[in-house]
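A short worksheet on the structure shown next.
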Amino acid sequence: MPVTDVTHDLDALTLTITAEFAAPVERIWQVYADPRQLEKVWGPPSYPATVVEHDFTPGGRVNYFMTSPEGEKFAGYWRITAVDEPRSFSFEDGFADMDFTPNPEMPVSTNVYTFTERDGRTRATYVGTYETAEGLQKVLDMGMIEGSRAAINQIDEFIAS
Amino acid sequence: MSEDDEERADALFHALADRTRRDIMRRVLAGEHSVSALAAKYDMSFAAVQKHVAVLEKAGLLTKRRNGREQLASGDVRAVRSVASMLTELEQVWRGRIARIDELIAFDTTTHPDQED
Numbered sequence: 005m006p007v008t009d010v011t012h013d014l015d016a017l018t019l020t021i022t023a024e025f026a027a028p029v030e031r032i033w034q035v036y037a038d039p040r041q042l043e044k045v046w047g048p049p050s051y052p053a054t055v056v057e058h059d060f061t062p063g064g065r066v067n068y069f070m071t072s073p074e075g076e077k078f079a080g081y082w083r084i085t086a087v088d089e090p091r092s093f094s095f096e097d098g099f100a101d102m103d104f105t106p107n108p109e110m111p112v113s114t115n116v117y118t119f120t121e122r123d124g125r126t127r128a129t130y131v132g133t134y135e136t137a138e139g140l141q142k143v144l145d146m147g148m149i150e151g152s153r154a155a156i157n158q159i160d161e162f163i164a165s
Numbered sequence: 013m014s015e016d017d018e019e020r021a022d023a024l025f026h027a028l029a030d031r032t033r034r035d036i037m038r039r040v041l042a043g044e045h046s047v048s049a050l051a052a053k054y055d056m057s058f059a060a061v062q063k064h065v066a067v068l069e070k071a072g073l074l075t076k077r078r079n080g081r082e083q084l085a086s087g088d089v090r091a092v093r094s095v096a097s098m099l100t101e102l103e104q105v106w107r108g109r110i111a112r113i114d115e116l117i118a119f120d121t122t123t124h125p126d127q128e129d
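Sequence lines, in order, name chains A and B. Number 165 marks the last residue of the first sequence (the numbering used here); no jumps. Number 129 marks the last residue of the second sequence (the numbering used here); no jumps.
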């Protein structure tokens, strides 16, 4: 498994996860810099992501939506705050309306992704911070429904096979 | 898990093992909805939707309050989780993304030499 370390900071509401990939930094950078690759990894298979705008520069926006198995769409955005290709980038991640206007009632997380290379392999460090426990709760509440749905669909598939 | 936890898990999974109820949850987690506004979203009777809302309420997933003649429902699962378990849940989402990146780059190396058709 590529994940090498995980830290939970309960006071700062920060999750830090470190992973190691068998590819150089430039290859991992591409995953984020190329909208077609980003949408392959961002959403789970049951909730695929579609990236509709991808301005990967400071102040730029990455707009995407995720589609439920029933075809309902949920929109989200990244507001890019810093880019240091191919070493790191920072962004705010939030929910939006279907015209990609940020939804102020939904929480925003602050994220810093950092990539360092050693012997042709990439160590990726992902740090995400929520401002309040309620904010994190809200995000997970949405995700929990997705997760239980995915699990239940898997049971359906198992029974059908 | 204690007997209480087991019962709560049963109620939770029963409540979420229905497509309409999961859909109702997604709506009420994003914001408060009146039961009549929810009922208008589905091709079923008001009473049927009200029944779904009652199951979710019993599982502790949503709370209802009265406002005049309306019943307003909002999502509430905070009782179920601590900050520690929330970060663990978020970790699972991130692990999923990392696993997908790993698959994506593995696909490069396995298909690169003879990808032409």
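For glycine and all other residues, C-beta sits at the position ideal for the given N, C-alpha and C.
Interface residues of chain B facing residue i [CB-CB closer than 7 Å]
| i | result |
| --- | --- |
| VAL10/A | GLU103 |
| MET102/A | Per Cβ cutoff of 7 Å: no residues; MET102/A is ~13 Å from chain B at best. |
| VAL35/A | ILE113, LEU116 |
Neighbour flag for residue i against chain B, beta carbons, 9 Å
| i | result |
| --- | --- |
| TRP46/A | yes |
| GLY132/A | yes |
| MET146/A | yes |
| VAL29/A | no |
| PRO90/A | no |
| PHE25/A | yes |
| ILE84/A | no |
| PRO6/A | yes |
| LYS142/A | yes |
| GLU74/A | yes |
Neighbour flag for residue i against chain A, beta carbons, 9 Å
| i | result |
| --- | --- |
| MET56/B | no |
| ASP22/B | no |
| VAL95/B | yes |
| THR75/B | no |
| ALA71/B | no |
| THR121/B | yes |
Spatial neighbours of residue i in its chain, beta-carbon cut-off 7 Å, leaving aside the 5 residues before and after
| i | result |
| --- | --- |
| PHE25/A | PRO6, ILE32, ARG125, THR126, ALA128 |
| SER97/B | none |
| THR133/A | ALA16, LEU17, THR18, SER113, THR114 |
| LEU42/A | VAL35, TYR36, VAL55 |
| VAL87/A | PHE60, THR61, PRO62, PHE93 |
| PHE95/A | TRP82, ARG83, ILE84, THR85, ASN115 |
| ALA137/A | LEU17 |
Under 9 Å from the C-beta of residue i: neighbouring residues of chain A
| i | result |
| --- | --- |
| GLY43/B | GLU109 |
Cβ shell of residue i (< 8 Å), same chain only, five flanking positions each side left out
| i | result |
| --- | --- |
| ARG33/B | ALA27, HIS64, VAL67, LEU68 |
| ALA91/B | With a pLDDT of 48 at ALA91/B, under the threshold of 50, the predicted position of this residue should be treated as unreliable, and no value is reported. |
| ASN107/A | GLY98, PHE99, ALA100, ASP101 |
Beta-carbon contacts of residue i that lie in its chain and below 6 Å, excluding the five residues immediately before and after
| i | result |
| --- | --- |
| VAL56/A | ASN67 |
| HIS58/A | PRO39, VAL66 |
| GLY64/A | ILE84 |
| ALA53/A | GLU43, TRP46, GLY47, TYR68, MET70 |
| PHE162/A | Bear in mind that a pLDDT of 42 at PHE162/A, under 50, signals an unreliable position, so the number given afterwards is only what the model happens to contain. Contacts found: none. |
| LEU84/B | GLU44, SER46, ARG77 |
| TYR130/A | ILE21, TYR117 |
DSSP-derived helix/strand/coil call for residue i
| i | result |
| --- | --- |
| PRO108/A | coil |
| ASP120/B | helix |
| LYS53/B | coil |
| ALA66/B | helix |
| GLU74/A | coil |
| THR20/A | strand |
| GLY139/A | helix |
Distance cut-off 8 Å: residue i Cβ against heavy atoms of the ligand ADP
| i | result |
| --- | --- |
| SER86/B | Absence of the ligand ADP is noted for the structure shown, with no ligands found whatsoever. |
Where residue i meets chain B, residues with beta-carbon distance less than 8 Å
| i | result |
| --- | --- |
| ALA53/A | Simply none; closest approach about 10 Å. |
| ALA137/A | VAL95, MET98 |
Residues that residue i contacts on chain A, provided the C-beta gap is smaller than 7 Å
| i | result |
| --- | --- |
| ARG107/B | VAL7 |
Closer than 8 Å at the beta carbon, the chain A residues around residue i
| i | result |
| --- | --- |
| GLY87/B | ASP145 |
- Query: For the stretch 25-39 of chain B, which residues have a CB atom closer than 7 Å to at least one CB atom of chain A, in sequence order?
  - Reply: LEU28, ALA29, ARG34, MET37, ARG38
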